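2 protein chains.
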Amino acid sequence: MTRAFTRKGEATRARIVVGAAAEIRERGVDEVRLEDVMARTGTSKGQLFHYFPDGKEELLLAVAQHEADQVLIDQEPMLSNLTSWPAWLAWRDRLIERYLAQGVKCPLNGLLGQTGRRAPGAQALVTGLMWRWQAAITEGIRHMQSTGDIAAEVDADRAAAALLAGIQGGVLLLLSTGRIDHLEAVLDLTIERLRAGARTA
Amino acid sequence: MTRAFTRKGEATRARIVVGAAAEIRERGVDEVRLEDVMARTGTSKGQLFHYFPDGKEELLLAVAQHEADQVLIDQEPMLSNLTSWPAWLAWRDRLIERYLAQGVKCPLNGLLGQTGRRAPGAQALVTGLMWRWQAAITEGIRHMQSTGDIAAEVDADRAAAALLAGIQGGVLLLLSTGRIDHLEAVLDLTIERLRAGARTA
DNA sequence: TCAGGTTTGGACTTGCAGGTCCATTTTTAG
DNA sequence: CTAAAAATGGACCTGCAAGTCCAAACCTGA
């Protein structure tokens with residue numbers, strides 16, 4: 001089903017996705033018209049529909065995919081290397097820094113509500129992202145348990161689930177209130193708590 | 001600036017808001033047309049613009065207000081009565097139950113992304129909701145500290161901030177993945193942790 | 001160099017949803 | 001009872017943004 005694109009074609013397609021993603025991040029999903037994307041990426045309507053035959057919906061899905069990947073890419077290699085407390089703190093700082101920098105613009109929040117209903121695939125996409133994210137955290141906890149840095153009786157899965165939820169909520173609150181406090185509180189208290197349990201182990 | 005509405009007028013206005021809210025909850029903000037609201041509430045376009053001169057934007061804001069109020073109303077009286085562990089657990093159950101029941105439909109998530117950008121007031125509205133919510137939690141923690149059920153050294157503000165974030169994230173994850181696990185994990189682990197600290201106090 | 005494809009540009013169509021308007025009915029108040 | 005104001009119904013307008021179409025430019029390989 002994959003259409004044949006030349007190298008040039010692939011490049012154009014990628015340019016459109018990246019440009020659309022940027023536009024959406026800056027102005028919000030529902031404020032972005034195809035024309036805006038065209039203007040930004042220097043493309044024509046013909047091209048848009050050439051590379052995304054199903055139109056806006058398909059483009060939005062591609063953007064969501066792209067943005068979802070970015071989220072995890074941005075946390076590498078910290079995320080997949082949670083093997084010591086300094087590493088955990090580095091990851092913590094990375095998260096704070098990143099979300100502080102991008103401020104009120106969350107690429108996925110909008111896409112969740114918007115695309116979520118339109119494209120059935122978008123839901124699965126976000127779910128997949130969350131799943132990968134949580135898996136990485138779980139693995140980090142497990143590793144720390146193997147070295148005795150976290151108490152063995154901690155349920156890694158549940159702890160990771162709670163932490164992921166906290167992070168998502170923290171970001172959500174950053175989005176709506178503009179304050180990073182919640183995210184910080186979640187990360188610091190959670191890490192603190194994971195450490196505390198093992199002090200005696 | 002408040003226009004003069006008769007009793008009948010107020011009733012109609014309220015009917016529109018409630019109907020629109022329901023419609024939005026069921027089908028999502030961007031899928032709801034004014035006509036849908038008209039059909040559901042048995043009103044005409046004339047009425048819509050009579051009661052909401054600024055059109056859709058004003059209506060959406062009113063809906064957001066209405067929904068925000070509902071969120072807290074739904075948790076009363078549990079939320080403002082977190083004075084014993086059974087009360088905390090009752091609140092926990094209430095949250096789980098409520099969000100489990102409404103499933104994938106969150107009234108505010110959509111409104112956040114959507115209305116957030118359009119109406120400047122919507123942002124403030126959500127912020128206010130979060131603030132009230134968090135304040136209630138903080139007060140609950142403080143009360144438990146006063147009775148010695150929670151350790152005095154716990155920072156009530158931070159703990160409440162983290163918990164609120166966890167709840168929001170838990171709901172968000174319920175929305176995107178369909179699983180309630182995250183919300184449960186947050187609530188249970190948080191409460192467990194608050195209790196643990198004071199066992200010896 | 002020529003023939004097949006792919007890529008590109010942009011004019012044109014179309015549907016629809018938000019918003020306007022006014023004529024009619026109902027209510028309120030004096 | 002009556003006049004002014006509010007409530008209602010629905011026809012109509014309008015703009016805009018998605019999507020269509022096709023012709024021109026371009027690559028690419030034999």
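Each protein sequence line maps, in turn, to chains A and B. For the first sequence, UniProt numbering gives the first residue as 1, with consecutive numbering after it. For the second sequence, UniProt numbering gives the first residue as 1, with consecutive numbering after it. No residue lacks a Cβ here, since even glycine has one placed at the ideal position from N, Cα and C. Values in this document were obtained by computation on a predicted structure and should not be read as measured data.
7 Å Cβ cutoff, Arg-195 of chain B in contact with chain A = Judged by the 7 Å Cβ criterion, Arg-195 of chain B is not in contact with chain A.
**Prompt:** So, are the CB atoms of Ile-180 of chain B and Leu-163 of chain B less than 7 Å apart?
**Reply:** Taking 7 Å as the Cβ cut-off, Ile-180 of chain B and Leu-163 of chain B do not qualify as a contacting pair.
Practice prompt. Quick one: using the 10 Å Cβ neighbour count with 16 as the cut-off for buried, is Gln-70 of chain A buried or exposed?
Written response: Exposed.
Could you check whether the Cβ of Asp-93 of chain B sits closer than 7 Å to any Cβ belonging to chain A? Interface residue (Cβ-Cβ distance to chain A less than 7 Å): Asp-93 of chain B is not classified as such.
Hey, quick one: how far does the alpha helix (DSSP H) through Ile-150 of chain B stretch, first residue to last?
Careful: Ile-150 of chain B lies outside any alpha helix (DSSP H) and carries neither H nor E.
Distance, Cα to Cα, His-182 of chain A vs Ser-176 of chain A? One C-alpha to the other measures close to 11 Å.
### Message
Alpha carbons only, please: which of A:Gln-168, A:Arg-193 and A:Val-29 is nearest the one belonging to Met-130 of chain A?
### Response
Ranking the options by Cα distance to Met-130 of chain A, first place goes to A:Gln-168.
(Q) Quick check: what's the CA-CA separation for Leu-89 of chain B versus Leu-187 of chain B? (A) Going from the Cα of Leu-89 of chain B to the Cα of Leu-187 of chain B covers about 9 Å.
Coarse secondary structure for Val-32 of chain A, derived from DSSP in three states = Correct three-state label for Val-32 of chain A: coil.
Which same chain residues end up closer than 8 Å to Ile-96 of chain B when comparing Cβ atoms and leaving out the 5 residues on each side of it in sequence? If we look at Ile-96 of chain B and ignore the five residues flanking it on each side, its Cβ neighbours are Ile-180, Leu-183, Glu-184 and Leu-187.
>> Rounded to whole angstroms, what is the Cα-Cα separation between Glu-57 of chain B and Val-154 of chain B?
In response: Straight across, the Cα-Cα distance linking Glu-57 of chain B with Val-154 of chain B is about 43 Å.
Please state whether DSSP places Gly-116 of chain B in a helix, a strand or coil.
-> With a pLDDT of 47 at Gly-116 of chain B, under the threshold of 50, the predicted position of this residue should be treated as unreliable, though the coordinate-derived value follows. Here Gly-116 of chain B carries a helix assignment [DSSP, helix/strand/coil].
- Residues of chain A with CB under 7 Å from Gln-168 of chain B, in chain order? Gln-168 of chain B reaches chain A at Gly-169, Leu-172 and Leu-173, counting residues in chain order whose Cβ is nearer than 7 Å.
*asked:* So that I know if they touch, is there some Cβ in chain B lying closer than 7 Å to that of Arg-158 of chain A?
replied: Flagged as an interface residue toward chain B: Arg-158 of chain A, by a C-beta distance shorter than 7 Å.
Check your understanding: Just the Cα atoms here: how many angstroms apart are Gln-65 of chain A and Asp-149 of chain B?
Key -> Taking the straight line joining both Cα atoms gives about 47 Å.
Spatial neighbours of Ala-87 of chain B in its chain, beta-carbon cut-off 6 Å, leaving aside the 5 residues before and after
Hits under 6 Å: Asn-81.
Exposed unless 16 or more other CB atoms sit within 10 angstroms - verdict on Ala-122 of chain A: Classification of Ala-122 of chain A: buried, given that the 10 Å Cβ count is 16 or more.
Just checking: is the beta-carbon of Val-186 of chain A within a distance shorter than 7 Å of some beta-carbon in chain B? Put simply, the CB of Val-186 of chain A is near chain B, with a gap under 7 Å to one of its CB atoms.
* Asked: Met-130 of chain A touches chain B at which residues, Cβ-Cβ below 7 Å?
  -> What Met-130 of chain A touches in chain B: Leu-173, Ser-176 and Thr-177.
### Query
Can Leu-95 of chain A be considered in contact with the ligand FAD, in the sense that its beta carbon sits closer than 6 Å to one or more heavy atoms?
The ligand FAD is absent from the structure shown, which contains no ligand whatsoever.
**Q.** Listed by chain order, chain A residues near Gln-123 of chain B by CB distance under 7 Å
**A.** Residues of chain A whose Cβ lies closer than 7 Å to the Cβ of Gln-123 of chain B are, in chain order, Ser-176.
Segment contact, 8 Å Cβ cut-off, at least three pairs: the stretch 37 to 44 of chain B with the stretch 28 to 44 of chain A: The way I'd put it, the stretch 37 to 44 of chain B doesn't touch the stretch 28 to 44 of chain A; fewer than three beta-carbon pairs between them come closer than 8 Å.
Kindly list, in the order they appear in chain B, the residues whose Cβ is closer than 7 Å to that of Asp-181 of chain A.
-> Ala-161, listed in chain order.
Worksheet entry | Local conformation of Gly-55 of chain A per DSSP, three classes | Per DSSP, reduced to three states, the secondary structure at Gly-55 of chain A is coil, with no helix or strand assignment.
Give a yes or no on whether the minimum CB-CB distance between Thr-138 of chain B and chain A is below 7 Å. Not one chain A Cβ lies under 7 Å of Thr-138 of chain B.
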